[in-house]
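Participant: Chains as they are written, first to last, in the numbering used here: chain A, 10 to 293; chain B, 10 to 293. Cβ atoms here follow ideal geometry from the backbone N, Cα and C, with glycine treated the same way. The structure's right below; bear with me while I get my questions together.
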């Protein structure tokens, strides 16, 4: 969302001043037009934007069938875009395998916390980076990473080196200085999954050569056709309790502008959701 | 070679003070030990170092059989490490295909000039960067690139943009600021082949995400088993005149220390070779 506010070339047109802010959202169908395949009460997901209601074309959304034992809210978390990002980013782009050392930044976030758990399921050693002692404790105790390191610690550089050793896969949710540090800790044929980033002058990319490593950006929309596969697998892992999730719910559309910056100040733990109405009015 | 002189972790042990400088070289066998599979007069290639003669183990070199119509010197050029680098870097890592726009930096160099010609053979539009008007002219007239741009021109940024448009494959022989500029001109699913580089704070790597692009380092030694395939293909293209090459020969081992810096000042055009003796005494 933050990227869409910059007036520069990206993978989507920037949101213009005066337009409804673009956002993925869950909603339910209150009324249908002629010939619609949707029914009143259906749960849907789409780029519905920052609004309480609206009139949309059917192609702007897809119907969500909630598997038994799974919370509809999970379609904004492990079964939604963040979950899809974790799944395809780690398995397809990162090519994680048993015995790998996986480093995850933004590990207490919505995507990061799923990445950590998928890493453990894959049999990797998982090192997590987060910005408060509480988040680190949550990652070690609940999420089950091998080691969580606080990147705001005064001894972070040394603690990072000690905990990380050398990396097979780095799932990058932050970019910048930490990406640069990770570049210096690559193993042979390492893979860096660029998921979210911010501008910073990285210098360590020379190690991509000496370690014949890969740094690859990806967009989750490219995997849309394979979402059903991921949703099925992730739903099973959720039901088996192998994936834990945390939501940070802010109530009220008027709170949305102050909710977004929480993502940049570390003010949330888990998936940040703004609740603008009652999706549970959908027939489930 | 320059990298081997830095005392830091790389893909090979740094060369120590007092050791023979490491270098790939052609030589001929003057004497063989017991049970050797080589014969006196054989042409060999190996990490023979900066020296006129030496005593080596057989596994440190491989015998070169020079195909008819090809100069033995080509095994230090298009049929040597620089040619192998161009071949596997462009075809395997860069996955070049007809219709692609290919950008090559250091294009008048030994690797770069082969990359440009392989790009044309593959059916790509080739934009070349070099550091003098003479090199640019050579690239356009002889090597046959679509456009060569002088990166020392005062209007380079604008000329770069106009010539390059957007890139499918960037074969990077220089890193730094030009890598950063190339990052801003990526097409969807672009591939950056990191071949040689120098430290610089690159910021444009965010475009790897928005264009779902890949930046991959590689080392030619990983492809050793496939050298015969490349040598056969490249030899044919050499004989057909589809690949042109230029050598810059410096005579005398004592000139080697002043020859190496030419690579960093742009003082050479084509493959820089130091001739320390007469490889043509080999039986060919």
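In the DSSP assignment, find the alpha helix (DSSP H) that holds residue 127 of chain A and state where it starts and stops.
Facilitator: Taking the first chain and counting its residues from 1, the one referred to as residue 127 of chain A is at position 118. Per DSSP, residue 127 of chain A belongs to the alpha helix (DSSP H) from 119–130.
Participant: Candidates A:204, A:271, A:222 and A:225: which alpha carbon is nearest residue 95 of chain A's?
Facilitator: Counting from 1 along the first chain, the entry for residue 95 of chain A is found at position 86. Of the listed residues, the one whose Cα sits closest to residue 95 of chain A is A:204.
Participant: Would you say residue 92 of chain B touches the ligand HEM, meaning its beta carbon is less than 6 Å from a heavy atom?
Facilitator: Among the components of this structure there are no ligands whatsoever, and the ligand HEM is therefore not found.
Participant: Residues of chain B with CB closer than 7 Å to the CB of residue 42 of chain A, please, in chain order.
Facilitator: If you number the first chain from 1, residue 42 of chain A lands on position 33. Ordered by position in chain B, no residue passes the 7 Å Cβ test against residue 42 of chain A, which lies about 34 Å from the chain.
Participant: What is the DSSP secondary structure of residue 177 of chain A, reduced to helix, strand or coil?
Facilitator: One-based indexing of the first chain puts residue 177 of chain A at position 168. In the structure shown, residue 177 of chain A sits in a strand (DSSP, three-state: E or B).
Participant: My output table needs one value for residue 9 of chain A: the three-state DSSP class, helix, strand or coil.
Facilitator: Here chain A has residues from 10 to 293 only, and residue 9 of chain A is not among them.
Participant: Who are the near neighbours of residue 151 of chain B in its chain, counting only those whose CB is closer than 7 Å to its CB and skipping five residues on each side?
Facilitator: Translated into positions along the second chain, residue 151 of chain B becomes position 142. Once the five neighbours on either side are set aside, the close Cβ partners of residue 151 of chain B are 253.
Participant: Can you tell me which of the three DSSP states residue 96 of chain A falls into?
Facilitator: Locating residue 96 of chain A in the first chain gives position 87, where the first residue counts as 1. DSSP places residue 96 of chain A in helix when its eight states are reduced to three.
Participant: Between the region 164–182 of chain A and chain B, which residues of the former have CB atoms less than 7 Å from a CB of the latter, in chain order?
Facilitator: Cβ contacts with chain B come from no residue of the region 164–182 of chain A.
Participant: Does DSSP classify residue 134 of chain B as helix, strand or coil?
Facilitator: Indexing the second chain from 1 puts residue 134 of chain B at position 125. Reduced to three states, the DSSP call for residue 134 of chain B is strand.
Participant: Which residue marks the beginning of the beta strand (DSSP E) containing residue 157 of chain B, and which one marks its end?
Facilitator: On the second chain, residue 157 of chain B is found 148 positions in, with the first residue counted as 1. 156–159 is the span of the beta strand (DSSP E), which, as asked, contains residue 157 of chain B.
Participant: List, in order along the chain, the chain B residues whose C-beta lies closer than 8 Å to that of residue 108 of chain A?
Facilitator: Residue mapping note: residue 108 of chain A aligns to position 99 of the first chain, counting from 1. Neighbours of residue 108 of chain A on chain B: none; closest Cβ ~21 Å, over 8 Å.
Participant: Can you tell which of B:58, B:86 and B:15 has its C-alpha closest to the C-alpha of residue 278 of chain B?
Facilitator: Here the question's residue 278 of chain B lines up with position 269 in the second chain. Ranking B:58, B:86 and B:15 by Cα distance to residue 278 of chain B puts B:86 first.
Participant: I'd like the span of the alpha helix (DSSP H) that includes residue 224 of chain B, first residue to last.
Facilitator: Reading the second chain from its first residue, position 215 is the one you call residue 224 of chain B. It is not in any alpha helix (DSSP H) - residue 224 of chain B instead sits in the beta strand (DSSP E) that spans 223–226.
Participant: At what residues does the beta strand (DSSP E) containing residue 185 of chain A begin and finish?
Facilitator: Your numbering for residue 185 of chain A matches position 176 in the first chain. No beta strand (DSSP E) contains residue 185 of chain A, which is instead part of the alpha helix (DSSP H) from 185–192.
Participant: Taking the C-alpha atoms as reference points, what is the distance between residue 225 of chain A and residue 180 of chain A?
Facilitator: Taking the first chain and counting its residues from 1, the one referred to as residue 225 of chain A is at position 216. Taking the first chain and counting its residues from 1, the one referred to as residue 180 of chain A is at position 171. In a straight line, the C-alpha of residue 225 of chain A is about 10 Å away from that of residue 180 of chain A.
Participant: Would you check if there are 3 or more beta carbon pairs closer than 8 Å linking the region 134–144 of chain A to the region 65–73 of chain A?
Facilitator: No, they do not touch.
Participant: Verify the CB distance criterion: does residue 218 of chain A have a CB-CB separation below 7 Å to chain B?
Facilitator: Along the first chain, one-based indexing puts residue 218 of chain A at 209. True, the Cβ-Cβ gap to chain B drops below 7 Å.
Participant: Contact defined as beta carbons within less than 8 Å: I believe residue 133 of chain A pairs with residue 107 of chain A. What is the distance between those atoms, to the nearest angstrom?
Facilitator: Position 124 of the first chain, counted from the first residue, corresponds to residue 133 of chain A. Position 98 of the first chain, counted from the first residue, corresponds to residue 107 of chain A. About 7 Å; that satisfies the 8 Å criterion.
Participant: What residues of chain A sit near residue 211 of chain B, judged by a beta carbon separation below 7 Å?
Facilitator: Locating residue 211 of chain B in the second chain gives position 202, counting from the first residue. Ordered by position in chain A, the residues that pass the 7 Å Cβ test against residue 211 of chain B are 210, 211 and 214.
Participant: Rounding to the nearest angstrom, what Cα-Cα distance links residue 269 of chain B and residue 30 of chain B in this structure?
Facilitator: Position 260 of the second chain, counting from 1, holds the residue named residue 269 of chain B. Position 21 of the second chain, counting from 1, holds the residue named residue 30 of chain B. Cα to Cα, the separation comes out at about 11 Å.
Participant: State buried or exposed for residue 92 of chain A, treating a residue as buried only when at least 16 other CB atoms are found within 10 Å of its CB.
Facilitator: One-based indexing of the first chain puts residue 92 of chain A at position 83. The residue in question, residue 92 of chain A, is buried, as its Cβ has 16 or more Cβ neighbours within 10 Å.
Participant: Quick one: grab the DSSP three-state call for residue 260 of chain B.
Facilitator: For the purposes of this step, residue 260 of chain B is taken as residue 251 along the second chain, with counting starting at 1. Three-state DSSP puts residue 260 of chain B in a strand.
Participant: Which residue wins for smallest C-alpha separation from residue 101 of chain B, given the options B:273, B:251 and B:231?
Facilitator: Here residue 101 of chain B is taken as the residue at index 92 of the second chain, counted from 1. With distances taken between Cα atoms, residue 101 of chain B lies closest to B:231.
Participant: Any beta carbon from chain A within less than 7 Å of residue 224 of chain B's own beta carbon?
Facilitator: The residue given as residue 224 of chain B occupies position 215 in the second chain. True, the Cβ-Cβ gap to chain A drops below 7 Å.
Participant: Rounded to whole angstroms, what is the Cα-Cα separation between residue 46 of chain A and residue 89 of chain A?
Facilitator: Residue mapping note: residue 46 of chain A aligns to position 37 of the first chain, counting from 1. Residue mapping note: residue 89 of chain A aligns to position 80 of the first chain, counting from 1. Approximately 22 Å between the Cα atoms of the pair.
Participant: I'd like to know whether the C-beta atoms of residue 34 of chain A and residue 57 of chain A end up nearer to each other than 7 Å.
Facilitator: Along the first chain, one-based indexing puts residue 34 of chain A at 25. Along the first chain, one-based indexing puts residue 57 of chain A at 48. Result yes, Cβ atoms of residue 34 of chain A and residue 57 of chain A sit closer than 7 Å.
Participant: Which of the three DSSP states, helix, strand or coil, is assigned to residue 283 of chain B?
Facilitator: Along the second chain, read from residue 1 onward, the residue named residue 283 of chain B stands at position 274. Residue state, collapsed to three classes: strand.
Participant: Let me check understanding here. Comparing Cα to Cα, which of B:41, B:211 and B:201 lies closest to residue 222 of chain A?
Facilitator: Within the first chain, residue 222 of chain A is the residue found at index 213, counting from 1. Ranking B:41, B:211 and B:201 by Cα distance to residue 222 of chain A puts B:201 first.
Participant: Report the partner residues of residue 34 of chain A according to the DSSP bridge assignment.
Facilitator: Taking the first residue of the first chain as position 1, residue 34 of chain A is located at position 25. Beta-bridge pairing links residue 34 of chain A to A:55.
Participant: Please name the residue in B:256, B:112, B:251 and B:275 whose C-alpha comes closest to that of residue 195 of chain B.
Facilitator: The residue labelled residue 195 of chain B in the question sits at position 186 within the second chain. The residue with the shortest Cα to Cα distance from residue 195 of chain B is B:112.
Participant: Using alpha carbons as the reference points, say which of A:211, A:163, A:186 and A:60 lies closest to residue 192 of chain B.
Facilitator: If you number the second chain from 1, residue 192 of chain B lands on position 183. Checking every option, the nearest Cα to that of residue 192 of chain B belongs to A:211.
Participant: Specify the secondary structure class of residue 199 of chain B as computed by DSSP and reduced to three states.
Facilitator: The count along the second chain starts at 1 and reaches residue 199 of chain B at position 190. The answer is strand: DSSP assigns residue 199 of chain B an E or B state.
Participant: Kindly identify the DSSP beta-bridge partner or partners of residue 139 of chain B.
Facilitator: As a first step, residue 139 of chain B must be located in the second chain, where it is residue number 130. The partner list for residue 139 of chain B (beta bridge, DSSP) reads B:159.
Participant: Which residues in chain B have a C-beta closer than 7 Å to the C-beta of residue 112 of chain A? List them in chain order.
Facilitator: If you number the first chain from 1, residue 112 of chain A lands on position 103. Ordered by position in chain B, no residue passes the 7 Å Cβ test against residue 112 of chain A, which lies about 17 Å from the chain.
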